[in-house]
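Enquirer: Residue numbers (the working numbering): 25 to 299.
For each residue, glycine too, the CB sits at the ideal point set by N, CA and C.
Bear in mind that the values here come from a model prediction, so they are computed numbers and not experimental data.
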Amino acid sequence: MRGRTAIAGAVVIAGGATVWARWLARRQHHWARTLADAIPVNSAFWREQGAKSGEVLYVAIGDSAAQGIGASRPSHSYVGFVVRRMRELTTRRVRVANLAISGATIRIAIDKELPLLEALHPDVLTVCIGANDIAAFDPERFDRDVRELFERLPDHAIVADLPSFYFLPGERKVRVANTLLRAAAAERGFTVVPLHDTTARQGLWGVTTQFAGDLFHPNDRGYRIWAAVFEDAVAARLAEVDSRLAADSRPAGEPPAALDSGNSTPLRPDPANQA
25 MRGRTAIAGA VVIAGGATVW ARWLARRQHH WARTLADAIP VNSAFWREQG AKSGEVLYVA
85 IGDSAAQGIG ASRPSHSYVG FVVRRMRELT TRRVRVANLA ISGATIRIAI DKELPLLEAL
145 HPDVLTVCIG ANDIAAFDPE RFDRDVRELF ERLPDHAIVA DLPSFYFLPG ERKVRVANTL
205 LRAAAAERGF TVVPLHDTTA RQGLWGVTTQ FAGDLFHPND RGYRIWAAVF EDAVAARLAE
265 VDSRLAADSR PAGEPPAALD SGNSTPLRPD PANQA
């Protein structure tokens with residue numbers, strides 16, 4: 025009797041697991057299609073933002089997370105929240121050129137985003153790329169590509185490491201990738217912000233509350249956490265930029281202030297477009 029009861033229980037559990045797996049697959053398929061439909065909408069939004077004028081130029085290199093896929097609106101990507109914070113910290117007009125491409129790997133960023141960056145002179149530059157390299161992760165290729173990318177960035181670039189993937193085997197690959205990324209960034213002297221440690225600390229609560237329905241892209245709550253990771257480094261860089269611009273506008277004859285302006289140069293008058 026007990027054997028029959030155990031078998032019946034196992035059958036119920038197996039059936040429930042099968043139903044749940046099918047429901048999850050349908051849910052992820054629905055959300056994948058929904059979020060794919062958001063890609064041209066978000067891209068158009070950021071092109072419009074890039075066409076606006078501003079005294080301070082913020083440029084973002086990245087992928088769908090920078091574009092805000094998974095958020096309720098494009099401006100609720102981490103880039104959007106970073107821009108909002110910058111506008112709170114300075115009285116100058118902030119222009120954003122979001123060069124990110126949904127689905128971008130590091131190689132795509134090199135081939136398609138860097139040529140656009142070369143036409144700009146960013147005052148603040150954030151770089152958050154590499155999560156899409158994990159699916160077919162090759163450590164040697166990742167190391168080669170990330171070093172090529174970093175070599176072509178200005179010295180003041182602010183780089184994020186890869187976010188936590190929470191579960192194996194993806195998380196194991198991310199840890200290897202981040203070791204390579206931090207080593208390459210250290211050689212260039214870049215500021216690296218701890219996106220991985222911050223997202224990992226969210227734990228199961230973060231997995232259940234900070235992701236869109238595809239369980240890959242952050243939602244609004246998740247993107248706020250991502251943006252907070254950049255906040256201190258962006259604020260420090262923006263303070264340098266404000267000081268430089270104030271010195272550039274000083275009255276004739278006034279001695280210049282001592283500044284470390286990095287590779288930042290005045291904005292070009294013609295806005296560049298982004299993908």
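#1: Mind checking whether V151 and R119 have CB atoms under 8 angstroms apart?
#2: Just to confirm the assignment: which complete beta strand (DSSP E) runs, minimum length 3, are found wholly within the stretch 67-96?
#3: Restricting to runs no shorter than 3 residues, where is the beta strand (DSSP E) found entirely within the stretch 89-173?
#4: Do the stretch 62-77 and the stretch 113-128 meet, that is, are 3 or more Cβ pairs less than 8 angstroms apart?
#5: Whether or not the stretch 243-251 and the stretch 205-213 are in contact is what I'm after, with contact meaning three or more pairs of Cβ atoms, one per stretch, closer than 8 angstroms; do they touch?
#6: Roughly how many angstroms separate the alpha carbons of S96 and P64, rounded to a whole number?
#7: I need the straight-line Cα distance from S77 to R116, nearest angstrom please.
#8: Is the beta carbon of S88 sitting closer than 8 angstroms to the one on H220?
#9: Taking the straight line between their C-alpha atoms, what separation do you get for Q234 and Y82?
#10: Evaluate contact between the stretch 196-208 and the stretch 152-161, counting only Cβ atoms and requiring at least three cross-stretch pairs below 8 angstroms.
#11: For A252, does the three-state DSSP call read helix, strand or coil?
#12: Could you pull the DSSP bridge partners for F235 from this structure?
#13: Within this structure, are the beta carbons of V217 and F254 separated by less than 8 angstroms?
#14: Excluding the five sequence neighbours on either side, which residues of its own chain have a C-beta within less than 8 angstroms of the C-beta of L186, listed in chain order?
#15: How about D179 and I134: are their beta carbons less than 8 angstroms apart?
#16: Can you tell which of L141, I85 and Q91 has its C-alpha closest to the C-alpha of F69?
#17: List the endpoints of the continuous beta strand (DSSP E) containing A184.
#18: Whole-angstrom Cβ separation of R261 and I132, contact assumed at under 8 angstroms?
Expert: On the basis of the coordinates in this document:
#1: no
#2: 80-86
#3: 118-122 and 148-152
#4: yes
#5: The stretch 205-213 is not in contact with the stretch 243-251.
#6: 15 angstroms
#7: 11 angstroms
#8: Taking 8 angstroms as the Cβ cut-off, S88 and H220 do not qualify as a contacting pair.
#9: 26 angstroms
#10: Cβ pair count under 8 angstroms is three or more, so yes.
#11: In this structure, A252 counts as helix in the three-state DSSP scheme.
#12: P242
#13: yes
#14: G154, A155, I158, V198, A201, N202, L205, L219 and H220
#15: No, these two residues do not count as a Cβ contact at 8 angstroms.
#16: Checking every option, the nearest Cα to that of F69 belongs to Q91.
#17: First-last of the beta strand (DSSP E) with A184: I182 to A184.
#18: So it is not a contact: roughly 26 angstroms between Cβ atoms.
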